[in-house]
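Positions 138 to 323 (my numbering) are the ones given, in order, by the sequence shown.
Worksheet for the structure shown next.
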Amino acid sequence: MKKNNVKTPRFGWALTGSGHFFKECLAIMRELADLDVFVSLAAAEVMRMYRQNLSLPPSTRIYKDTTASAAPVGNFYYGVYHTLIVAPATSNTVAKCVYGISDNLATNVFAQAGKCRVPTIVFACDTAPELDTEAPKGMVKVYPRRVDLENTERLKSFEDTIVVENVGELETALEARLKWLKSYSS
Ligand SMILES: Cc1cc2nc3c(=O)[nH]c(=O)nc-3n(C[C@H](O)[C@H](O)[C@H](O)COP(=O)(O)O)c2cc1C
Numbered sequence: 138m139k140k141n142n143v144k145t146p147r148f149g150w151a152l153t154g155s156g157h158f159f160k161e162c163l164a165i166m167r168e169l170a171d172l173d174v175f176v177s178l179a180a181a182e183v184m185r186m187y188r189q190n191l192s193l194p195p196s197t198r199i200y201k202d203t204t205a206s207a208a209p210v211g212n213f214y215y216g217v218y219h220t221l222i223v224a225p226a227t228s229n230t231v232a233k234c235v236y237g238i239s240d241n242l243a244t245n246v247f248a249q250a251g252k253c254r255v256p257t258i259v260f261a262c263d264t265a266p267e268l269d270t271e272a273p274k275g276m277v278k279v280y281p282r283r284v285d286l287e288n289t290e291r292l293k294s295f296e297d298t299i300v301v302e303n304v305g306e307l308e309t310a311l312e313a314r315l316k317w318l319k320s321y322s323s
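Structure below.
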């Protein structure tokens with residue numbers, strides 16, 4: 138398969154183990170056509186803790202983190218994806234992305250998107266010194282550390298990468314990609 142021979146390029150979406158905005162991200166994913174989802178091991182656990190299930194449109198392809206080499210990333214080489222979304226992104230995933238570590242499915246799709254120049258949207262969770270977040274048993278307060286906040290800032294300087302900090306910004310960034318896709322395919 139040659140690059141750009143793909144008839145319908147897809148959204149790639151990496152789901153990580155963040156309770157913060159997990160349900161909101163699932164709701165947005167359910168509205169997207171032509172979607173491939175990459176689920177980190179922690180995301181699969183968090184999904185069960187919040188009693189959520191993926192229940193995505195039938196056309197959605199779901200990739201679980203079962204290989205050391207992150208085998209599904211091969212699709213990035215062939216133009217299968219027009220956009221990658223990493224949402225919600227844990228502080229762990231953001232830190233690894235910032236330092237170029239790719240040791241699981243989520244961090245590998247981020248790295249490969251970068252190396253294949255696929256525009257990426259990252260919904261970072263640790264964006265303020267004090268946050269209200271939904272734990273499995275209800276709302277709690279958390280205080281992201283300086284290192285978490287600094288990593289989010291560092292990610293903003295990455296090429297082809299938009300870092301969003303709330304659901305509204307995520308929706309706006311997605312709409313811009315859908316608009317681009319429409320103009321690109323017409
Ligand atoms: C119920 C629950 C909620 C969590 N929520 C968050 C969160 O909002 N933000 C975060 O950075 N980590 C959160 N974590 C911790 C991550 O799941 C953990 O750091 C994990 O190793 C991240 O792996 P990943 O980045 O590969 O998905 C949560 C863990 C649990 C059990």
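C-beta: ideal position from N, C-alpha, C; glycine also.
Here the structure is a predicted model, which means the values were calculated and not measured.
Cβ pair residue i, residue j closer than 9 Å
i	j	result
L307	F260	yes
D263	S228	yes
C234	T244	yes
F175	V246	yes
L242	P266	no
I199	L311	no
D173	V143	no
A250	D202	no
A151	A226	yes
N93	V231	Examination of residue 93 is not possible in this model, given that the chain is present from 138 through 323 alone.
A170	P194	yes
V300	I258	yes
Per DSSP, the bridge partner or partners of residue i
i	result
Y218	R147
V236	Residue identity differs from the one stated: residue 236 is Tyr in this sequence, not Val. DSSP, once it has assigned bridges, lists no residue as partnering Y236.
D173	G149, R198
N301	The sequence shown places Val at residue 301, not Asn. Per DSSP, F260.
T270	V277
A164	Partner(s): none; A164 has no beta bridge.
A224	DSSP, once it has assigned bridges, lists no residue as partnering A224.
The beta strand (DSSP E) enclosing residue i, as first and last residue numbers
i	result
D263	First-last for D263: undefined, no H or E at that position.
K316	Note, K316: premise wrong, no beta strand (DSSP E); alpha helix (DSSP H) at 304-322.
K278	275-279
Heavy atom of ligand 2 within 8 Å of residue i beta-carbon
i	result
T227	The model depicted lacks ligand 2 and carries ligand 1 instead.
Endpoints, the alpha helix (DSSP H) within which residue i is located
i	result
Q249	242-252
V284	283-292
S208	Going by the sequence as given, residue 208 is Ala instead of Ser. Taken as a continuous stretch (DSSP letters only), A208 belongs to no alpha helix (DSSP H), as it is neither H nor E.
L178	178-186
- Message: Under 8 Å, with one C-beta from each stretch per pair, do the stretch 205-224 and the stretch 176-187 reach the 3-pair mark?
- Response: no
- Report yes or no: do three or more beta-carbon pairs, one from the stretch 266-286 and one from the stretch 143-162, lie closer than 8 Å? yes
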